[in-house]
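Undergrad:
Protein chains: 6
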Amino acid sequence: MRPSGRKTDQMRKVSFERNFSKHAEGSCLVKFGDTHVLCTASLEEKTPPWLRNSGKGWVTAEYGMLPRATGDRMKREAASGKQGGRTQEIQRLIGRSLRAIVDLGALGERQITIDCDVIQADGGTRTASITGAWIALYDCLKWMEARNMVKVEKVLKDHVAAISCGIFANQPVIDLDYLEDSSAETDANFVMTGTGAIVEVQGTAEGVPFSEEEFLTLMRLARNGIGELVNLQKQAIL
Amino acid sequence: MRPSGRKTDQMRKVSFERNFSKHAEGSCLVKFGDTHVLCTASLEEKTPPWLRNSGKGWVTAEYGMLPRATGDRMKREAASGKQGGRTQEIQRLIGRSLRAIVDLGALGERQITIDCDVIQADGGTRTASITGAWIALYDCLKWMEARNMVKVEKVLKDHVAAISCGIFANQPVIDLDYLEDSSAETDANFVMTGTGAIVEVQGTAEGVPFSEEEFLTLMRLARNGIGELVNLQKQAIL
Amino acid sequence: MRPSGRKTDQMRKVSFERNFSKHAEGSCLVKFGDTHVLCTASLEEKTPPWLRNSGKGWVTAEYGMLPRATGDRMKREAASGKQGGRTQEIQRLIGRSLRAIVDLGALGERQITIDCDVIQADGGTRTASITGAWIALYDCLKWMEARNMVKVEKVLKDHVAAISCGIFANQPVIDLDYLEDSSAETDANFVMTGTGAIVEVQGTAEGVPFSEEEFLTLMRLARNGIGELVNLQKQAIL
Amino acid sequence: MRPSGRKTDQMRKVSFERNFSKHAEGSCLVKFGDTHVLCTASLEEKTPPWLRNSGKGWVTAEYGMLPRATGDRMKREAASGKQGGRTQEIQRLIGRSLRAIVDLGALGERQITIDCDVIQADGGTRTASITGAWIALYDCLKWMEARNMVKVEKVLKDHVAAISCGIFANQPVIDLDYLEDSSAETDANFVMTGTGAIVEVQGTAEGVPFSEEEFLTLMRLARNGIGELVNLQKQAIL
Amino acid sequence: MRPSGRKTDQMRKVSFERNFSKHAEGSCLVKFGDTHVLCTASLEEKTPPWLRNSGKGWVTAEYGMLPRATGDRMKREAASGKQGGRTQEIQRLIGRSLRAIVDLGALGERQITIDCDVIQADGGTRTASITGAWIALYDCLKWMEARNMVKVEKVLKDHVAAISCGIFANQPVIDLDYLEDSSAETDANFVMTGTGAIVEVQGTAEGVPFSEEEFLTLMRLARNGIGELVNLQKQAIL
Amino acid sequence: MRPSGRKTDQMRKVSFERNFSKHAEGSCLVKFGDTHVLCTASLEEKTPPWLRNSGKGWVTAEYGMLPRATGDRMKREAASGKQGGRTQEIQRLIGRSLRAIVDLGALGERQITIDCDVIQADGGTRTASITGAWIALYDCLKWMEARNMVKVEKVLKDHVAAISCGIFANQPVIDLDYLEDSSAETDANFVMTGTGAIVEVQGTAEGVPFSEEEFLTLMRLARNGIGELVNLQKQAIL
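Residue numbers (our numbering), protein chains in the order written: chain A, 36 to 273; chain B, 36 to 273; chain C, 36 to 273; chain D, 36 to 273; chain E, 36 to 273; chain F, 36 to 273.
#1: Could you compute how far the alpha carbon of residue 88 of chain C sits from the alpha carbon of residue 139 of chain C?
#2: Determine the chain B residues that contact residue 117 of chain C at a beta-carbon separation under 8 Å, and present them in chain order.
#3: In angstroms with no decimal places, state the Cα-to-Cα distance between residue 219 of chain D and residue 201 of chain D.
#4: Between residue 41 of chain E and residue 67 of chain E, how many whole angstroms is the CB-CB distance? I'm expecting something under 8 Å.
#5: Pick out whichever of A:55, A:111 and A:146 has its Cα sitting closest to the Cα of residue 93 of chain A.
#6: Residues in the region 70-101 of chain A with C-beta within 7 Å of chain D's C-beta atoms, listed in sequence order?
#7: Can you check which of these residues, D:155, D:128, D:119 and D:69, is closest to residue 210 of chain D by C-alpha distance?
#8: Mind checking which residues open and close the alpha helix (DSSP H) that includes residue 216 of chain A?
#9: Taking the alpha-carbon positions, what's the residue 227 of chain E to residue 74 of chain D distance?
#10: Determine the chain A residues that contact residue 56 of chain B at a beta-carbon separation under 9 Å, and present them in chain order.
#11: Identify the contact partners of residue 148 of chain B in chain A, using a Cβ-Cβ distance below 7 Å as the criterion.
#12: By alpha-carbon positions, which one of A:102, A:161, A:152 and A:111 ends up nearest to residue 131 of chain A?
#13: Would you please verify whether the beta carbon of residue 263 of chain D is less than 8 Å from any beta carbon of chain F?
#14: Of all the beta strand (DSSP E) runs that stay within the bounds of the region 93-123 of chain D, which reach a length of 3 or more residues?
#15: For residue 124 of chain F, would you say it is in contact with chain E, using Cβ-to-Cβ distances shorter than 8 Å as the test?
#16: Mind pulling the chain B residues with CB within less than 8 Å of residue 114 of chain A?
#17: Rounded to a whole number of angstroms, what is the C-alpha to C-alpha distance between residue 177 of chain E and residue 187 of chain E?
#18: Quick one: complete alpha helix (DSSP H) runs, 4+ long, within the region 143-182 of chain C?
#19: Any idea what DSSP makes of residue 84 of chain B, helix, strand or coil?
#20: Alpha carbon to alpha carbon, how far is residue 272 of chain C from residue 170 of chain C?
#21: For the beta strand (DSSP E) that residue 79 of chain F lies in, which residues bound it at each end?
#22: Output the distance between the C-alpha atoms of residue 126 of chain A and residue 232 of chain A, rounded to the nearest integer angstrom.
#23: Taking Cβ to Cβ, would you say residue 190 of chain E is nearer than 8 Å to residue 114 of chain E?
#24: Since residue 53 of chain C sits in a beta bridge, which residues does DSSP pair it with?
#25: Counting only C-beta atoms, is residue 168 of chain C closer than 8 Å to chain E at any point?
#26: Mapping the DSSP letters down to three states, classify residue 126 of chain E as helix, strand or coil.
#27: What residues from chain A crowd round residue 59 of chain B, counting only those whose CB sits closer than 7 Å?
#28: With DSSP collapsed to three states, give me the class of residue 204 of chain B.
#29: Starting from the beta carbon of residue 244 of chain D, find every residue of chain A whose beta carbon is closer than 7 Å, and list them in chain order.
#30: Go to residue 262 of chain F, then tell me how far its alpha helix (DSSP H) extends in each direction, as first and last residue.
#31: Expressed to the nearest angstrom, what Euclidean distance is found between the alpha-carbon atoms of residue 184 of chain E and residue 194 of chain F?
#32: How is residue 190 of chain E classed by DSSP in three states: helix, strand or coil?
#33: In three-state DSSP terms, what is residue 196 of chain F?
#34: Identify, in the order they occur along the chain, each residue of the same chain with its Cβ nearer than 7 Å to the Cβ of residue 256 of chain A, setting aside the five sequence neighbours on each side.
#35: Tell me whether residue 182 of chain A is buried or exposed, calling it buried when 16 or more other Cβ atoms sit within 10 Å of its Cβ.
#36: What residue does the beta strand (DSSP E) around residue 226 of chain D start on, and which one ends it?
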């Protein structure tokens with residue numbers, strides 16, 4: 036029995052609020068239940084130094100949490116003077132996930148930075164971030180298309196979305212909330228495209244190691260969930 | 036003529052959304068037009084070192100801006116490794132403003148941290164922060180009162196709210212938005228209590244110095260505006 | 036009764052020692068009683084990046100305190116690895132105050148950095164800094180004039196000086212020393228030009244909020260004091 | 036055809052040099068071909084703050100690369116003033132991998148820090164680190180057992196080892212060297228125990244997303260390779 | 036011929052201004068010609084952690100330069116966020132030099148911090164710092180003796196002073212000023228006690244290596260100069 | 036009697052292992068007994084900014100210690116976010132020592148960075164570093180000569196090597212190991228060329244100051260030891 040009463044293969048209610056931000060070229064407030072992440076896409080007409088004169092652009096991501104997004108207030112990273120290891124891990128993951136479905140050559144020598152800022156956290160902030168970031172990126176590209184800068188379909192090769200699965204109370208479950216996450220034996224994050232290809236898989240057993248079978252069960256759960264998320268993305272951009 | 040079409044003594048639409056955050060002891064999303072700030076109050080059962088065994092508590096504030104809260108994306112302070120001078124100035128101001136209307140002895144040896152995070156910026160983020168922070172603080176104290184920790188009326192001696200005024204296109208105007216702020220000759224921020232006493236006054240002329248008369252006109256505008264803000268706070272907590 | 040025996044409208048003895056430093060283009064050791072600040076002006080033939088090719092120059096300031104300028108030794112900011120919020124607030128204030136009376140176009144694409152280093156502190160370090168910085172800036176411009184780089188009268192539009200006022204033991208007093216400052220109910224800093232226009236006003240009540248009347252009394256005291264300071268500046272540069 | 040001439044399922048020559056360091060309680064120079072990592076285990080009779088009085092100990096890891104371990108010299112992290120995101124990701128992974136096979140209660144309130152310093156890099160530094168770290172940890176526990184502090188078999192529940200697999204030139208291959216790693220379409224790291232359970236799985240497609248089938252092929256390759264590595268560990272500690 | 040017209044064995048005019056600082060327990064403005072250093076001694080009733088309950092105290096030093104102490108303005112170390120290698124080298128040298136003539140047991144569990152801040156630089160700032168620091172330390176111990184905390188003669192075992200010597204234009208010279216220092220082939224700093232014993236010797240050839248004979252000549256020059264400095268210290272404390 | 040049983044003028048066994056690193060243009064693992072330092076030379080086709088268009092190159096050094104190179108684990112400098120004063124002192128010393136025997140004009144506008152990383156420490160890490168760095172530098176220049184970039188004999192004017200001497204148990208001894216170093220009354224490091232000229236002398240008495248005679252005895256010991264080291268360098272590059 037899950038604390039939320041959800042079924043093992045039932046994700047939380049997911050919603051996307053597009054154009055949440057007045058200033059950004061693309062933006063989306065994504066909610067996975069009580070996990071709320073604001074994703075904004077910012078376009079700059081320049082690339083990182085290592086891509087200059089390559090004809091290619093770049094997509095990168097930054098991740099942050101408001102200090103009281105969590106149950107106990109966390110120290111503000113700007114005040115402690117550095118981003119923690121977890122923050123860096125997550126923002127690198129978001130960036131890689133988006134680049135896997137973008138044609139950087141078709142983007143041209145520009146950089147799009149996706150900021151994923153967690154307004155409220157209840158588990159699954161990285162998977163919500165990736166899933167919402169796709170919407171912000173899509174809207175940014177639409178904004179660019181309206182200005183004849185790119186063709187969206189040339190740049191954006193596919194959808195990308197992410198979900199966590201884990202073994203909680205001996206049951207494989209999808210989309211862990213904080214209560215589940217903090218006591219799960221195993222925790223895996225899956226990032227997949229709209230066509231079901233895998234972009235990232237991260238499975239971790241801080242407690243008891245898990246079997247290949249268990250892992251495959253989690254991957255099956257994830258595949259279904261991500262299919263649903265991609266459908267929700269499609270509806271959101273209609 | 037103001038860019039927004041507002042009258043010189045007309046503030047933007049102000050709203051407070053209480054209990055915006057699931058986790059915080061008090062929270063409020065305050066909007067001054069397109070300036071949106073999330074204020075959360077976090078209670079800790081400890082004081083800063085210099086107040087230990089003094090019987091007194093502390094109220095402090097931290098301030099941040101999401102990188103794309105503004106028209107152009109700003110570098111994330113956590114990534115650059117330090118809080119800028121402007122950030123520090125503002126969070127010190129918010130903290131002083133709140134402490135001016137709190138009885139720290141009646142609070143007891145506890146610390147309340149108010150985080151003011153700007154979700155979207157359009158001028159006046161510091162004044163919106165102070166005005167919304169009061170609501171978050173009030174709700175935090177109510178939360179404590181419900182647990183017999185304090186009496187709200189003993190700790191919270193008054194309201195506090197803030198507004199900016201400036202001289203724009205040779206006219207004294209209230210509650211400058213970004214367009215006005217970036218071309219105003221003079222910019223002043225006023226923080227006052229519910230009884231009209233002054234907590235902070237900051238008047239700055241980066242361009243042409245201003246006269247005492249002009250300053251007094253701005254103060255009169257501010258006094259009226261803050262009176263309105265205090266009324267809105269009162270309605271919000273009904 | 037003030038601890039120093041001064042009358043309520045009596046400033047401490049103020050002196051300027053020009054050319055204190057062998058190397059700087061302009062320099063001044065300013066004393067407000069036991070508060071001693073060394074102000075040096077350093078000229079560089081370059082501007083900050085955002086002014087390149089604008090035809091305009093820049094005037095900026097940095098502020099520091101020797102670790103034992105104060106009653107108790109303070110941690111050296113270079114050793115703790117960052118400048119505190121108070122330091123940044125003060126150096127931004129000094130810079131704005133000077134820029135208010137400088138024609139940056141007439142300066143040309145150059146930067147003058149005013150360093151204000153507190154050798155000994157006894158309250159009022161920021162107001163002494165501003166007042167002495169004007170002398171260092173003046174001498175730097177004279178140095179430049181002697182080399183046909185600028186006309187002083189074109190660049191330097193006016194004097195600027197600063198003084199603190201506060202309510203101490205229920206009395207409005209001018210030029211608070213450390214003893215007064217640390218127990219004053221209200222503390223305000225005023226920066227004004229030679230013609231009496233206001234450049235900066237900062238009034239703060241960390242304790243009890245103050246009334247508009249009280250504030251106006253402080254402003255009147257400040258106006259007289261700053262008039263005296265400007266006269267002393269004029270004598271110093273004869 | 037692999038650049039090194041290896042077969043697709045052939046790992047590089049792996050060796051362990053125990054007691055490489057005079058001072059450490061346990062140490063091992065592990066080589067995966069031209070990738071050489073020095074792993075040292077340091078015992079301290081204290082735990083991190085969050086475990087005090089819990090009866091439990093902690094195992095953690097730090098990772099570093101000598102500046103010229105790589106083809107081009109990299110900036111020294113101590114000189115740039117922070118550990119990069121990649122470094123933090125890897126050291127967190129090593130720590131989790133080891134904790135998965137340690138009984139922290141049987142360790143008692145002590146901390147063992149495993150330092151993995153890359154002396155020479157040619158791909159696969161994180162997998163070599165984990166595999167060598169197990170030896171250093173084992174020797175540290177033996178050192179403790181000799182002093183009647185713990186029973187090795189109580190603390191160390193299993194072996195742990197790691198290997199990378201990837202798709203290079205359309206072929207699934209094991210143990211990628213630098214040349215392969217830098218042009219592989221897909222790269223996955225597997226951490227498994229001596230009994231074949233999974234501790235960590237990290238699959239990444241910065242280029243083209245991969246299919247579940249491809250992933251399962253990589254996992255099969257890894258399972259065999261890790262089996263061999265565990266055998267080599269067993270021989271090394273005979 | 037030296038640029039200053041001094042003879043090869045002639046030091047610059049040296050002076051000590053005691054009690055320069057109102058707040059410090061001991062202070063001295065030391066001048067070696069145009070090199071001016073403010074040395075303050077600050078007493079704290081605590082020791083560094085590694086001396087707690089040892090019955091011993093500690094003497095340490097910090098060193099800094101005002102940004103425009105030099106011909107070209109240097110970046111403020113507090114602003115760049117760290118102390119440079121040169122600064123650290125010098126402050127470690129000052130601390131060691133003083134500890135060599137202090138009985139830390141007789142001092143008791145207290146720490147004296149000597150701050151040496153260069154107000155104006157013209158070569159030899161480290162040797163002036165050490166020589167002036169001794170005066171500040173002496174006065175601090177006198178201040179303590181007046182409060183029956185220590186006996187000066189028990190704590191302070193000897194004088195300590197320092198001078199630089201170098202080979203300039205093929206001539207061994209004493210007490211190099213900036214002009215000499217920046218073009219000397221060899222530069223050596225000597226720290227000696229009142230009885231002529233050596234505390235520190237640092238000889239450096241960034242250009243042409245030097246012979247033992249040359250080095251001995253420099254040491255002889257230094258011995259005489261330090262003898263004079265010690266005499267000047269004795270007169271200063273009469 | 037020395038703890039190691041060595042005679043007073045007997046150095047530890049010294050060895051050089053050239054080409055230790057696969058990637059570096061020159062490299063050497065130098066051992067002074069149980070002190071092992073890996074020295075690598077990295078060539079870059081650019082100079083520091085202050086040498087651009089000067090026709091001159093630069094040789095610089097960085098120094099680091101693996102955290103468990105020592106008896107107790109030391110905090111990793113990359114993790115603490117800065118290099119300590121000791122590290123900076125040593126790397127500046129290594130750089131100066133090498134530059135003293137290099138013709139920077141003959142090198143051309145290039146930079147060679149020597150990294151000295153202590154794999155295991157037992158006293159004398161800085162002297163081993165300098166002595167081994169010469170080999171790495173030599174091999175880097177040989178590598179360049181093979182590519183017709185420089186003539187080794189034009190760039191490398193002489194050998195350079197270093198040794199520590201000290202007074203241990205009232206006896207002047209050479210090449211102190213950790214046990215001797217930590218209880219020596221006096222400690223001096225000497226850097227000399229192949230022709231016996233002095234590059235650096237650093238003598239320090241943290242305990243009792245020493246006499247000129249004692250210092251000269253140490254220098255004599257050092258001269259002999261460095262003669263031996265230079266012979267060993269010559270054999271190593273045969």
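Each residue gets a CB set at the ideal place from its N, CA and C atoms; glycine is no exception.
TA: By the coordinates alone:
#1: 13 Å
#2: 117
#3: 6 Å
#4: Contact doesn't hold; Cβ gap of about 12 Å is too wide.
#5: A:146
#6: none
#7: D:69
#8: 213-216
#9: 46 Å
#10: 101, 103, 104, 154 and 155
#11: 108
#12: A:161
#13: no
#14: 93-100
#15: yes
#16: 97 and 118
#17: 6 Å
#18: 160-181
#19: helix
#20: 8 Å
#21: 70-79
#22: 21 Å
#23: no
#24: C:63
#25: no
#26: helix
#27: 103
#28: coil
#29: 135, 228, 232, 233 and 234
#30: 247-271
#31: 55 Å
#32: helix
#33: strand
#34: 44, 200, 207 and 209
#35: exposed
#36: 221-228
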